[in-house]
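Here is the structure we will look at.
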Amino acid sequence: MAGLSGGLAAFGRCTHAVVRALPESLCRQALRSTAGPEVDFARAEREYQLYVGVLRGKLGLQVLELPADESLPDCVFVEDVAVVCEETALLTRPGAPSRRKEVEAMKRVLESLNLNIVEMVDENATLDGGDVLFTGREFFVGLSKRTNQRGAEILADTFKDYAVSTVPVHDSLHLKSFCSMAGPNLIAIGSSEAAQKALKTMQQMSDHRYDKLTVPDDAAANCVYLNIPSKGHVLLHRAPEEYPESAKVFEKLKDHMLIPIANTELEKVDGSLTCCSVLINKASEL
Amino acid sequence: MTTEVGSETEVKKDSEQLGPDKAKDKPEEASETPGDQKSREASPGEAQDSSVPAPTSQSSPSSQKKEKSSPESKGISRFLPPWLKKQKSYTLAEPKDEPKKRATGEEQVVEESESQAQPRKSLEEAAENQENAKADDKEKHSISSAEIQPSKEDGKETEVEEVAEKKEEKQEEKENRETKEVQTAEIKIDNVPQKSPKKIKTVQCKVMLLDGTEYSCDLEKRAKGQVLFDKVCEHLNLLEKDYFGLLFYENSEQKNWLDSSKEIKRQIRSLPWIFTFNVKFYPPDPSQLTEDITRYFLCLQLRQDIASGRLPCSFVTHALLGSYTLQAELGDHDPEEHRSDYISEFQFAPNQTQEMEEKVAELHKTHRGLTPAQADSQFLENAKRLSMYGVDLHHAKDSEGVDIMLGVCANGLLIYKDRLRINRFAWPKILKISYKRSNFYIKVRPAELEQFESTIGFKLPNHRAAKRLWKVCVEHHTFFRLVSPEQPPKAKFLTLGSKFRYSGRTQAQTRQASNLIDRPAPYFERTSSKRVSRSLDGAPMGVSDQSLLRDFSAAGGRAAGDKIIDLEATGQDKLKEGGREEDESPLKTPQLELTQDGKSLEEEITSILFSKERFGAGTSGPFAAASPGPAEGAAGEQTGAAAPGPQRHASRTEGPCTGVSDADKSSHETLDIVEEKKQAEFGIEETLVVDETNKGKMQVATDAGETCKVEHVSKKDSSSLPSDSSSSSSSSESEDEEVGEYLPHHRAIEEVIREEQEEEEDMKRKEHEENTQRVEAIPEGSKLNVPVEHTQVTAEDLVQENTVTVAAEEKNLSEQIKQDLGEEKEEEQLKLNGDVSHVDIDVAPQLICCSEPPVVKTEMVTISDATQRTEISTKEIPIVQTETKTITYESSQLDGNAGGDTGVLVSAQTITSESISTTTTTHITKMVKGGVSETRIEKRIVITGDADIDHDEALAQAIKEAKEQHPDMSVTRVVVHKETELAEEDED
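Chains A and B, in that order, give the protein sequences.
According to our numbering, the residues represented by the first sequence are 18 to 303, in order.
According to our numbering, the residues represented by the second sequence are -6 to 981, in order.
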């Protein structure tokens, strides 16, 4: 096993992915920050299948797919209910009360993976995984409508090895609504003022110096980075049809295997690429 | 009398009486012919005699005293440690000493020359010094006779002997000691107040070691912390000791670091003396430690930290680290031997569970084959990544009364609320650290888009806690960020607050030193339950490195072909030492000194600048005198170095980079001073920097640009300048000091700048770059040619602080002579070009010449309070509530430095003198470049006052005096920096 994520070399390593199928209730009942066109369920489903297909087929991950739960319209966004780092998984207490039951299924599947499970039981704590950015060296936790200080503290208590810094998030749903890791030391960041401000905060808080990849569109800054032994750096990013300018920026990443994935429908309900999976690196058993 | 002293005098005589040429020869001879050296030693009486007369009348008394003391010492001589013997004439008897001396003959000479300066100083200082010298002798005797006092010096000596190859190093140490003897060795005085050894009071010390064992020893009651620390390290066979320290607890839980430079009894007021040996500075990358034994102790510390919960880590990490501990201490997992319970004896975590122990055992099995050292390394590789690794936490409240924790670490200051990091201030961001009563303040660089620095205050439980935090910050900043330690604030400002500064080696220095450790890996037992084996054979750490370094520098000097210079260089060192000694930090000094010697040019300069401040603190009047009257005592000495004779000039070249940096530094320092002075209520500071440079300088910036740059230098860059390094800290004793300030000057080293840039936005980045360029341009650019030399402002009743820095750079005599106010620079430039090949120079100087009048070519006056500054340049970092006026006059001379062509720094010397209202700092740098040697004298005079002062008059006076003092040099740059406090700052 690797201690402390084994340093940067191991960042993005991933063997398993937990996903959850879309409930049809998502179209009408999913939480959304802005009113807008209704989600085209069929198309959302296709996009989701493509996403899962890439993880499973193209990247060879073991994908654990939880069944949809119609009573949990947001359940596809599994990222928010669990934060997994190395051998430890923190089951969150999502900021939206309607989502708290999503944790149960996640707990079961994580237990099956033999992870050390920590549950957030504090009634005063809320934390959405979408507010948690793990850089491989430290955590940044966005303090947003969904995540509060207490939630961040519990996360810090759970992952004691790492610094946990808080970043105020005002204009978007989650911290990762405008940023994500695009490589071992590379933060993809949107161009909006809020995104840039948050980046600055993160830079100030960190002892490390990250490279940044600035993309024109905040939403496109949310991408999924993986380090697959046989494929090297892999980056799932938003498709050129959606964000052509941002896609061009990604295409400049020469060392990455780039996989454009459309996320048009889920974006309508504030979903982004990272939202739809919990990535787990289960080191080969000792 | 000590032989060395005698020889010093001789050298001095030579130089003074015979003239420069002879002086050159003499040192050479001495160095090359050990026999000669011997003979000198053999005839101590002569040496004494010669030494006595040479210095001024004041010197005689001291010498007499010394004589008196010598007979006493003879009897005791056998007990004397070798180095002591060396120094003293009776040393001859010792065979050991002899070889050493021969080997180091050259160096000794150097020493001697160095020591010259000190005696003179002391002379001028008169009674005080003499007394000190006396005291030293007495102390030594008593110590030696008593044999009680191993004292750090002793220990070192032994170590030195062990390392036979490092003669030079030894030499240096000797020098240090010598210095102590000659000058004021306060330590010694302190240690041995009574003449009769029997009366020495000793105190038993107990030190808890990291392996859980206890070390105890008897210490002389007045021993300084360093003595004990060195004893402990010797006991541990630890060479890389700068990462460690001794803790003592007051009021149960409050831990304090024992200050090495201060007497123990003044820090720990109650008996018994119980200390804990701990890691003080956690190396960010333990793999860079040189010795396994050092890593081992670090491991022990971390195991404690982890088991106690001070260093939090996750379950998995607990298990992993625990497994490495087992591997290191037990070796490979043995299923027979290591049954179920074997782990329970160890504590890996504050709350150790069965599950964890099982995990540990499981992991232990996977480490098969790792040696203990490898296991330790693995342990450290994982531990160092823990976010709280090396973070020293302090309880505090923010401005709103919310409980927070302040964490001091290698990179800066971290603010935690509960377990969350809510803010972070990297060292480069912090302009000032201060405390006042129970409040702790940091002044932070303005963020981008912001105009003003902001000061952030925290409330600590009490003022001791505030001071403790402040000290920790000062120490961490110095250790991790600076190349060499920073000088403590000048004496005159001491009354206002703590003058504490970190006095040990910085990480850079200790790394450099450890690179030179050359001993077989010492054997030690790793089992924490067992005692660490003591091997006394280990060579002391400081020794090896320094000698090498020494060699290096010496070689450089010789290469230049100027032996005199060589001597001088050493002499400077000596001076430094002397200054430090006076400041009461003798013990530490040696180490620093050594390291510094070996440093690169920049570093040396740094240390020099440093030392000058030292002088200021320790000495007054006499040094100042140096500038005016070269012929006399200390003054004479300095002058000699400062205003080198013609021959020197001919062979001198100015070190390009150095010169520039010096200028920068000076201005920065000025700034610092200013800031510190702000505390003094109405301080008005005027800085006059006179740069005597014959070199051409490139003037890149326009006037506006210059203004910017000047300010930049003084404000922003000051932070980054390497100049702030100060060697020792004479920290004020009492814990009662209500206030303390510290200005972390970030070295201008590009790294720092880059760092900041990276942190900033692109826009900001550009700005920074521009600033940087400007800064660089500044030193090079020479606009005004003011033939002013050393300036001494003696205005006594000045209510303002004037800082005058005269930097004289001489390329050759003719130039110097030619230079005059009215003279055109062009001629000089031409000559310069002929003499030295400068790549960049040609163009710029011409431009300058054309555009500017000969006398005062440029006057950059920036009057900035916050508003004005903004107008002038938005890029500047405004000074809050301070009016700053900076005037720079520069001659338009070619700057050899411009091309990046680096000369060899032959010597550098800094002398500081103080009187009530003025502080004069003279910084002399000699560079050899391309066979041409160049001397540059920077003089800074700070006039402090709280009422009106005629600045113009003061400036004129300063320039005039400088001219008079060094008629053979030309003034190349005059910077007047005036800072007026408009209103009190909050933190002040």
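All C-beta atoms, glycine included, are put in the ideal place defined by N, C-alpha and C.
* **Reference HIS250 of chain A; option with closest CA among A:HIS33, A:GLN46, A:ARG63, A:LEU76** => A:LEU76
* Asked: Does the Cβ-Cβ distance between ALA180 of chain A and GLU155 of chain A come in under 9 Å?
  -> yes
* At least one CB of chain B closer than 9 Å to the CB of PHE28 of chain A: is that the case? -> no
* Asked: Ordered along the chain, which non-local residues of its own chain (more than five positions away) have a Cβ less than 6 Å from that of PRO365 of chain B?
  -> Result list for PRO365 of chain B: ALA321, ARG519, in chain order.
* Proximity to TYR434 of chain B [Cα-Cα], best of B:ILE423, B:LEU295, B:GLU441, B:ASN404 -> B:ILE423
* When you compare each of A:HIS33, A:LEU253, A:THR109, A:LYS217 to MET198 of chain A by their alpha carbons, which one comes out closest? -> A:LEU253
* Report back the beta-carbon spacing between ILE299 of chain B and LEU314 of chain B to the nearest angstrom; my notes put them in contact at under 8 Å. => 6 Å
* Comparing the C-beta of ARG60 of chain A with each C-beta of chain B, is any distance below 9 Å? -> No, its Cβ sits nowhere closer than 9 Å to a Cβ of chain B.
* May I ask you to list the residues that DSSP assigns as paired with TYR434 of chain B? => B:SER427, B:GLY450
* To do: Sort A:ARG73, A:VAL69, A:ALA34 by Cα distance to VAL100 of chain A and report the nearest one.
  => A:ALA34
* Taking one C-beta from the stretch 275 to 293 of chain A and one from the stretch 113 to 120 of chain A each time, how about it: are there three or more such pairs within less than 8 Å? -> no
* Leaving out five residues before and five after LYS759 of chain B in sequence, what residues of the same chain have Cβ atoms less than 8 Å from its Cβ? -> In this prediction, LYS759 of chain B scores a pLDDT of 45, lower than 50, which makes its location untrustworthy; no coordinate-derived value is stated.
* To do: Would you kindly check if the distance between the Cβ of LEU108 of chain A and the Cβ of ILE134 of chain A is under 9 Å?
  => For ILE134 of chain A and LEU108 of chain A, yes; Cβs fall inside 9 Å.
* So does GLU103 of chain A have its beta carbon nearer than 8 Å to some heavy atom of the ligand ZN? -> Ligands displayed in this structure: none; no statement on the ligand ZN is therefore possible.
* **Chain-ordered neighbours of GLU210 of chain A on chain B, where CB pairs are closer than 7 Å** => Ordered by position in chain B, no residue passes the 7 Å Cβ test against GLU210 of chain A, which lies about 12 Å from the chain.
* Asked: Does ASN133 of chain A get closer than 9 Å to chain B when you measure Cβ to Cβ?
  -> yes
* To do: Give the straight-line distance between the Cα atoms of GLY153 of chain A and GLY29 of chain A, rounded to the nearest whole angstrom.
  => 8 Å
* Asked: When you compare only the Cα positions, how much space is there between TRP250 of chain B and HIS187 of chain A?
  -> TRP250 of chain B and HIS187 of chain A: Cα-Cα distance of roughly 44 Å.
* From the DSSP output, in three-state form, read off ASN375 of chain B for me. => Of the three classes helix, strand and coil, the one that applies to ASN375 of chain B here is helix, per DSSP.
* Which ranges does the beta strand (DSSP E) cover as unbroken runs of at least 3 residues, wholly within the stretch 63 to 100 of chain A, from first to last along the chain? -> Taking 3 residues as the shortest admissible run, the stretch 63 to 100 of chain A contains the following complete beta strand (DSSP E) segments, listed from N- to C-terminal end: 79 to 83.
* Three-state secondary structure assigned by DSSP to LYS114 of chain B -> With a pLDDT of 43 at LYS114 of chain B, under the threshold of 50, the predicted position of this residue should be treated as unreliable, though the coordinate-derived value follows. Of the three classes helix, strand and coil, the one that applies to LYS114 of chain B here is helix, per DSSP.
* Whose Cβ in chain A lies nearer than 7 Å to the Cβ of ILE415 of chain B? -> Residues of chain A whose Cβ lies closer than 7 Å to the Cβ of ILE415 of chain B are, in chain order, THR183.
* To do: Taking GLY159 of chain A and ASP174 of chain A to be in contact with their CB atoms under 8 Å, please state how far apart those CB atoms are, rounded to whole angstroms.
  => Contact flag wrong, Cβ pair sits at about 18 Å.
* **Chain-ordered neighbours of GLN79 of chain A on chain B, where CB pairs are closer than 7 Å** => Under the 7 Å cutoff, chain B gives no residues; its nearest Cβ is about 21 Å from GLN79 of chain A.
* To do: Please look up how many angstroms separate the CB atoms of VAL476 of chain B and THR503 of chain B, rounded, as I've assumed it's under 8 Å.
  => At roughly 11 Å, the Cβ-Cβ gap does not stay under 8 Å, so VAL476 of chain B and THR503 of chain B are not in contact.
* To do: Have a look at TRP266 of chain B and LYS255 of chain B and give me their C-alpha separation to the nearest angstrom.
  => For TRP266 of chain B and LYS255 of chain B, the distance between alpha carbons rounds to 15 Å.
* Terminal residues of the continuous beta strand (DSSP E) containing THR32 of chain A? -> It is not in any beta strand (DSSP E) - THR32 of chain A carries neither H nor E in the DSSP assignment.
* Determine, using beta carbons only, whether CYS293 of chain A and PHE94 of chain A come nearer to each other than 9 Å. => yes
* C-alpha gap between ASP234 of chain A and PHE267 of chain A, whole angstroms -> Rounded to the nearest angstrom, the two C-alpha atoms are 12 Å apart.
* Is GLU104 of chain A close to chain B, meaning its C-beta is less than 9 Å from at least one C-beta of that chain? -> yes
* Could you please tell me which residues of the stretch 402 to 413 of chain B, in chain order, have their CB closer than 7 Å to any CB of chain A? => ASN404, ASP411, ARG412, LEU413
* Under 8 Å (Cβ pairs) to chain A, residues found in the stretch 308 to 324 of chain B -> PHE308, VAL309, THR310, LEU313, LEU314
* **Nearest residue (CA-CA) to THR283 of chain B, options B:VAL467, B:ILE510, B:PHE308** => Minimum Cα distance to THR283 of chain B is reached at B:ILE510.
* Asked: Nearest-angstrom Cα distance between ALA238 of chain A and ARG512 of chain B?
  -> 54 Å
* Buried versus exposed, by CB contacts within 10 Å (16 or more), ARG125 of chain A -> Counting other Cβ atoms within 10 Å of its Cβ, ARG125 of chain A stays below 16 and is therefore classed as exposed.
* To do: Give a yes or no on whether the C-beta atoms belonging to GLY497 of chain B and ASP235 of chain B are separated by under 9 Å.
  => yes
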